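In what follows, a structure is listed as structure tokens, so that the remarks can point back to it.
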Amino acid sequence: MSKKEAENACFWLSNQSTSKMDVLTPHKMVVVFLIQEYMRLKKSPDSGTTEEQPPAIELSYADRKRFCMLLLKLIQYPDMPYKDLHGLLVSPTYGLHPVHLEEFTKLMKLLKSVGIDVLFDLYNDIDKLIMDNSVLIGIVGLHLRKVFVTMDKMNFQEVMELYQATIAYYDKGMEAMEAEKHEASEIEASLQHSQYKPIEPCDHGTFAAKWSVKQSELFVAQQTALLKENEVKALPPNELQERLDEIIHDRPQYSQAYFLQYLNNLRVRDVNNAIQALHRSFDRGTTASSAAVANGGSSVPAASESYTKEYQYCNLNLAILHSHFGHQQHALKSLQECITLAHDNGDLTCLHLAQSWIARLNNHDTPIPEKNSSISAIHATSLGVLAGLQSSCRAGDAVPSKLFGLLMLNDHLNCQRSMMDLVANGTAVRAALWTVYGKHEMASLCAQILMNADLKSLDKIYNGEGICQVICTIAVRLAFLGEFNLAIVMVKHAKDRFPRYPHTIAWSVTDHYITLTRAIYRGHWAEAIGECQKLHSFDKPLALLQFAHVMLAKLDITTAKTIILRLLKNSDALEPLIHVRALILYANTFMPAHHAGALSELGKAQDLARKYYLEYEDAIIDLHIGYIYLVHMHVPRQALVPLKSCLETILANGPIYDKSRAIFTFARALVEAEEKQNRLEKLVTLMPMLEEAMENFEKLECYSKAKDMYIYLAKTFHSLGQHDEQNRFAYRYRVLQEQFPTELQYLNIFH
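Each residue of the sequence shown is one higher than the one before, counting from 1 in UniProt numbering.
Take a look at the structure:
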């Protein structure tokens, strides 16, 4: 076997200079001992039974399955202490057949007495095994060939060192087992908590536990996939960093380990170390590629292409980092280099991702792939389409029907190809679009559909960004319905399910927004201001908008007007939804002294809302106009016109706070529009609606609004001569005021 073939076998001696160097460790030798004893027990009875050859046994299907799963675990995962390995051998999940375990234990005890001949016999047994057709292929056969190739290259001194290290490995494990009488179930539970527990480097010197090439590649691939699809099942950041440090110590030129380090640092928002890890990934890829060229051989083009592919994805991620920090020119330069490398390698996936980012940075439409494009290219383009839909919705530069049509086509393609991550993200984007355009019930329906959908594909359950977003959507909807306890439970579920950045942004904003809304309802101004300050670090426009809302509710009109004008100063950069809501709040600063100015600002807001198809905000503006007509201009019949036009939209999609406000205002307008002799009959007819509105206000703990209704009903019944009803509502007001006192200046405020 040539040196180049031996290098492909993955195991290499410790004195070799190749970068892909693995060593035989005591753990690997013990695994081969297990295979050796298993093959002896399976031999045909025709061969006879000797002192060295134990009698053949009949292994059941369950025994064979457990042993195969055990070998897969031991071969693929890094080395572990003998104590933990023995715990696996006697565990219910991976336990050996009793005879197999007994023979293996005898062999391990004979290591000292027999001497180094055990390894020479093992070498001969492996030579015979790999000549058997039954083990020519498969993971076990490949592992045995690697061990055989490595032992064939070892001199006597190296074999002796391996033998001594194996004895030390076994002795230390037995001492630990004697010192700690752990139950097998406890050992297995600790292994499940951390499957990647290596031997300490000081245990066996040069034969300490090391990550092989295949083990490190498998580990990096698994953790990368988990970070993408189901981060909660990936290792915690600290533990993952420790494992990556071990891999990098054994394979300092392995660029993928540095790239996973970059992703891991982003989870904890350690941007400085993330950039350093990305730069190291660049450097190691270049160094490894140069080393491959220097070694020569037929495999150089493939190796060089592999490293340039890693290099192009590093460029893509560097461009994304630059774009997040607003460095557009640097991002475009990195994307241009990425596209050049993607063209050279024929990587359509990377090419479409880079083109999508260029389109996003230049505010262009995302390119659509051809019909015969690969699934990976369609996946990359679909991500770009979803990002484009979100940016178009925020900018308000597209008709909703066009956005929903493109989203429907995108969802259709994703469902056909069972791309569960894009199906989930597409549904989350659909819920967000419905929310922006005022269809909150449709948004809630989309969120519930996704939460109840089976997102399992190839035994993998998607648990990514789309799921986090719809959980937050449901939490906000529950808060708007007055179910604050359930909303808090949903937010806590999101925190437990998505504990790391960038998903933390979504549930943090949701948590602060719900707490802030509840504080405004309760009239807890200090708490509300504190939540605004916390929200400011995540979403500055939303925080300023809510701060102005708090100041209005607190009757600090001057501060509210200053904040709103500060927000509207850069109105071109505002999203249409924030812009319209800011104008509505600005109109409230003119009431009650200057209702004409309020109507003027509401007119501007309504024009903007209709321009950008913001149906719910349009209805809220009509509600404010109706309130001004009714309360400040005393023209109830004219007030009924905008109130009737907005009532259906608010009752169908609004929070119960807006519903109760609309019902109360509409009922007042109906009563005052009637002749005086008919007002009592109309009021009695409307009492069920008003009772529902009062219950909703109390459910929201918005007691000031409930008191407004009690005051209105007591005064109205007094003017109509119904003193019993007057006293009833006056009593209810007094009881509520005693339980939850409110200062008089905060009553009868419309916000």
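Ideal placement from N, C-alpha and C gives every residue a C-beta, glycine not left out.
All figures in this text were calculated on a predicted structure; none of them were measured in a lab.
query: Assuming residue 437 contacts residue 615 under a Cβ cut-off of 8 Å, what Cβ separation, rounded to an integer in Å, is found between them?
result: Indeed, because the Cβ distance is near 6 Å, the residues count as touching under 8 Å.
task: Starting from residue 346, trace the alpha helix (DSSP H) both ways and give me its first and last residue.
output: Residue 346 -> no alpha helix (DSSP H), and no H or E assigned at all.
- request: Please check the pair residue 319 and residue 341, which I expect to be a contact at CB under 8 Å, by giving their CB distance rounded to whole angstroms.
  value: So it is not a contact: roughly 12 Å between Cβ atoms.
- prompt: Distance, Cα to Cα, residue 562 vs residue 569?
  reply: Taking the CA atoms as reference points, residue 562 sits about 10 Å from residue 569.
For residue 230, the residue or residues it bridges with in DSSP: 463
N- and C-terminal bounds of the alpha helix (DSSP H) containing residue 524: Per DSSP, residue 524 belongs to no alpha helix (DSSP H) and is neither H nor E.
field: Cβ-based neighbour list, residue 515, same chain, cut-off 6 Å, excluding 5 preceding and 5 following
entry: 531
- prompt: From residue 518 to residue 247, what does the alpha carbon distance come to, in whole angstroms?
  reply: Cα atoms of residue 518 and residue 247: separation of roughly 49 Å, rounded to the nearest angstrom.
Residue 61 - DSSP class collapsed to helix/strand/coil: Residue state, collapsed to three classes: helix.
- prompt: Leaving out five residues before and five after residue 547 in sequence, what residues of the same chain have Cβ atoms less than 6 Å from its Cβ?
  reply: 532, 563
Residue 618 classed as buried or exposed, judged by whether at least 16 other C-beta atoms fall within 10 angstroms: buried
task: Measure the C-alpha to C-alpha separation of residue 315 and residue 262 and round it to an integer number of angstroms.
output: 13 Å
- prompt: Hey, out of 700, 34, 434, whose CA is closest to residue 482's CA?
  reply: 700
message: Are the CB atoms of residue 425 and residue 233 within a distance shorter than 9 Å?
response: no
message: Using the Cβ count rule (16 or more neighbours within 10 Å means buried), how would you classify residue 156?
response: exposed
- prompt: Which value, in whole angstroms, describes the spacing of the CA atoms of residue 120 and residue 244?
  reply: Roughly 35 Å between the two C-alpha positions.
- request: Tell me whether residue 340 sits in a helix, a strand or coil according to DSSP, three-state version.
  value: helix
task: Classify residue 61 as buried or exposed, calling it buried when 16 or more other Cβ atoms lie within 10 Å of its own Cβ.
output: exposed
query: Just checking, does the region 96-106 make contact with the region 114-129 on the three C-beta pairs under 8 Å criterion?
result: Flag = no, the region 96-106 and the region 114-129 do not touch.
message: Using C-beta distances below 7 Å, list every residue in its chain close to residue 636, excluding the 5 sequence neighbours before and after it, in chain order.
response: Taking residue 636 as the centre and dropping the five residues before and after it, the same chain places the C-beta of 630, 669, 672, 673 closer than 7 Å to its C-beta, in chain order.
- prompt: Is it the case that the Cβ atoms of residue 696 and residue 644 are separated by a distance below 9 Å?
  reply: no
- prompt: Are three or more beta carbon pairs between the region 406-417 and the region 440-453 nearer than 8 Å?
  reply: no
message: Going by beta-carbon coordinates alone, are residue 693 and residue 667 separated by less than 9 Å?
response: yes
message: Suppose you measure from the CA of residue 723 to the CA of residue 717; what does that come to, to the nearest Å?
response: Cα atoms of residue 723 and residue 717: separation of roughly 7 Å, rounded to the nearest angstrom.
- request: For residue 498, collect the residues of the same chain with a Cβ closer than 6 Å to its Cβ; drop the 5 residues on either side in sequence, then sort them by chain order.
  value: The residues are 468.
message: Contact between the region 572-585 and the region 596-607 is defined here as three or more beta-carbon pairs at a separation below 8 Å; is this criterion met?
response: yes
query: Measuring CB to CB, does residue 588 end up less than 9 Å from residue 624?
result: yes
message: To the nearest angstrom, how far is the alpha carbon of residue 353 from that of residue 347?
response: 10 Å
- prompt: So residue 99 is in the alpha helix (DSSP H); what residue range does that whole segment cover?
  reply: 98-114
- request: Taking residue 554 as part of the alpha helix (DSSP H), name the residues at either end of that continuous run.
  value: Neither: residue 554 is in no alpha helix (DSSP H) and is coded neither H nor E.
message: Assuming residue 26 is part of the alpha helix (DSSP H), what are its boundary residues?
response: For residue 26, the enclosing alpha helix (DSSP H) starts and ends at 26-42.
- prompt: Smallest Cα separation from residue 421: which of 271, 171, 465, 452?
  reply: 465
field: Selection from 683, 417, 448, 418 that minimises the alpha carbon distance to residue 430
entry: Taking residue 430 as reference, the option from 683, 417, 448, 418 with the minimal CA-CA separation is 448.
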